RNA sequence: UCCGGCGUAGCUCAAUGGUAGAGCGGGUGGCUGUUAACCACUAGGUCGUAGGUUCGAGCCCUACCGCCGGAGCCA
């Protein structure tokens, strides 16, 4: 065995490893005119009579490798390899704008590690069902690996934020004995004959740990058995939750806004290229700076009912009617393009565009039909109801940064949230709503720290107290004001990447109707 | 759970109730610089399943199954 410069293990059988220097594609600029060996996967291939162009992917980038017929053996191997074959390519690096990364390899030798046949994912369009069923291969696409790199940074920066502020990571259990909230949304597990559940939050355990360590957080998967089939829901998703002793609601709001600012700005700084490749307009992300606008629930209700919002919504309705008109114009243009297109595959693409545009037009028409009802609902919104998706979207639309909404009605929130002593109808909670329609990314609260108030609240909910005796102990032995919140990683990644579907933000999404692969 | 949309070749999609199609991908051949290369030839089908209407069903009707996304619920 031998090790290359970066200490990466190379199989001893790779003869190129000892002939020329190993390089990764992102590093080629340091090897111009020098011989190198690349290893990777054949992303695509084009061939002329006496030349083959291979696109090689190695996880750090994509590079074009050119093989000419005069290198008979290499040419034969290159000609025979199918998409996604694994291989070594050795040759000279040269600068060439026609290669994706700006450098290409004039390949003198091509050696297959494993020759791949009939790779299922072509470089053409596929439907989501097919791609989701081939998720294990779909990850190889530039788009999907770009999203996963961004996810990695979001997680690293979220953890770094707390690590730098003196928080201690606490791993909370995945298997939990009882239901914290509505048991209908929990996955039951057979635990040696006893029914237990997959955790949907680490919060109660964190409350315990924060009385030991002061500032703590957990990061792990959570499970929700909700029968939600929307682009915003997963049954298994990752949440990062801080919990802080002596923190009160204003402290939580400040922490939440600097937390979100840090994640967005550091991800932006590290991934401009990946975000551009995803087609993300980064201008709205650049504006994500603390402080965020803050509203109480009551103020949010007032805003929903206000003349200001009403006029804005009517204006947007008119704008969208105009948009519908321009889409119909686009549709006619596409139909004209279709009749003029010569190549069959161009016609196919235009047909697909027409298909999609018709879909969008149908959706917009339906939306426009419902809009007057939504506008009326906003105007007549009654204090005491929880906000639905429509209301959240309307509230976010008033601002260009995330909005912090606090002090919701007690009835729509969980038993452990502390009541506001100045207005017993509401609790000291906070939700952070992401802009651009991405909805709630953070939910949290100051916790009820008074034993008797907590018991009274549990009685009100008709909860059994025996399973929570340990939780009540936290209020018996040195109770202090404290609180925390949880941030959903996938919704945050979807927002930063500007994705339509949350399922692309996690390597192997678990959805109501998908558990394979 | 409710509402809506879709199920045709490996993939993406066409096809007035009247002979099952194209492009891509695969295979073969051609072409020195391609950018989803191109050109020619070729193989490839239980039209989601089960009933029904009809002289005749991919198309119409009923039920079921699967997928998609919206409501509810939530991060």
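In the numbering used here, the protein residues as written are 110 to 626. C-beta atoms are modelled at their ideal positions from N, C-alpha and C, and glycine is treated no differently. Just so you know, these numbers come straight off a predicted model, no measurement behind them.
Based on Cα-Cα distance, which residue from the options lies nearest to residue i?
i	options	result
residue 495	409, 415, 368, 506	409
residue 404	505, 481, 323	505
residue 601	201, 547, 316	547
residue 168	183, 205, 576, 132	132
residue 214	136, 248, 266, 277	136
residue 209	241, 184, 180, 163	163
residue 187	151, 362, 140, 615	151
residue 341	467, 389, 607	607
residue 251	578, 140, 157, 171	171
residue 255	154, 379, 407	379
residue 183	217, 322, 298	217
residue 376	598, 149, 335	598
residue 193	492, 228, 174, 205	228
residue 360	201, 382, 328, 324	324
residue 622	438, 345, 530, 424	345
residue 273	326, 614, 234	326
residue 581	563, 226, 382	563
residue 554	585, 384, 363, 262	363
residue 437	424, 406, 474	474
residue 310	294, 583, 271	294
residue 469	226, 429, 235	429
residue 615	257, 301, 338	257
residue 317	618, 578, 155	578
residue 512	533, 543, 519, 173	543
residue 587	440, 559, 343	559
residue 279	302, 223, 253, 322	322
residue 610	147, 242, 237	237
Assuming residue i and residue j are in contact, meaning their beta carbons sit under 8 angstroms apart, how far apart are those beta carbons, in whole angstroms?
i	j	result
residue 552	residue 595	6 angstroms
residue 277	residue 314	Not a contact, Cβ separation roughly 13 angstroms.
residue 466	residue 443	7 angstroms
residue 220	residue 196	6 angstroms
residue 527	residue 556	6 angstroms
residue 332	residue 296	5 angstroms
residue 517	residue 541	In fact, because the Cβ distance is near 13 angstroms, the residues do not count as touching under 8 angstroms.
residue 414	residue 490	6 angstroms
residue 244	residue 590	Going by Cβ atoms, the distance from residue 244 to residue 590 rounds to 45 angstroms, so no, they are not a contact pair.
residue 507	residue 426	Not really, about 16 angstroms apart at Cβ, beyond 8 angstroms.
residue 537	residue 529	6 angstroms
residue 539	residue 515	5 angstroms
residue 435	residue 492	Between residue 492 and residue 435 the Cβ distance is about 39 angstroms, and since that is not below 8 angstroms, they are no contact.
residue 199	residue 129	5 angstroms
residue 161	residue 605	Residue 161 to residue 605, Cβ: 39 angstroms. No contact.
residue 583	residue 320	6 angstroms
From the DSSP output, which residues share a beta bridge with residue i?
i	result
residue 352	325, 593
residue 330	347
residue 141	DSSP, once it has assigned bridges, lists no residue as partnering residue 141.
residue 306	285, 297
residue 177	160
residue 543	548
residue 131	146
residue 151	165
residue 277	325
residue 612	In the DSSP output, where bridge partners are listed per residue, residue 612 has none listed.
residue 620	623
residue 171	166
residue 553	539, 594
Let me check you understand the geometry: is the CB of residue i closer than 7 angstroms to at least one non-hydrogen atom of the ligand GDP?
i	result
residue 284	With respect to the ligand GDP, the structure offers nothing, as it holds no ligand at all.
task: Any chance you could list the alpha helix (DSSP H) runs of at least 4 consecutive residues sitting entirely within the segment 364 to 451, in chain order?
output: 381 to 386, 392 to 395, 406 to 414, 416 to 449
field: 3 or more residues per run - each beta strand (DSSP E) lying fully within the segment 555 to 586
entry: none
message: For a minimum of 4 consecutive residues, which ranges assigned as the alpha helix (DSSP H) are wholly contained in the segment 181 to 227?
response: 181 to 189
- prompt: Touch check for the segment 483 to 493 and the segment 387 to 401: three-plus C-beta pairs under 8 angstroms?
  reply: no
- request: Let me know the beta strand (DSSP E) ranges lying completely inside the segment 459 to 541, each 3 residues or longer, listed in chain order.
  value: 512 to 515, 532 to 536
message: Check whether the segment 137 to 144 and the segment 178 to 198 touch, using three or more Cβ-Cβ pairs below 8 angstroms as the test.
response: no
message: When you compare the segment 295 to 306 with the segment 347 to 362, are there three or more beta-carbon pairs, one atom per stretch, that lie closer than 8 angstroms?
response: no
query: Counting Cβ pairs closer than 8 angstroms, one from the segment 534 to 550 and one from the segment 563 to 580, do we hit at least three?
result: no
field: Three-pair Cβ contact test at 8 angstroms for the segment 264 to 278 versus the segment 362 to 373
entry: yes
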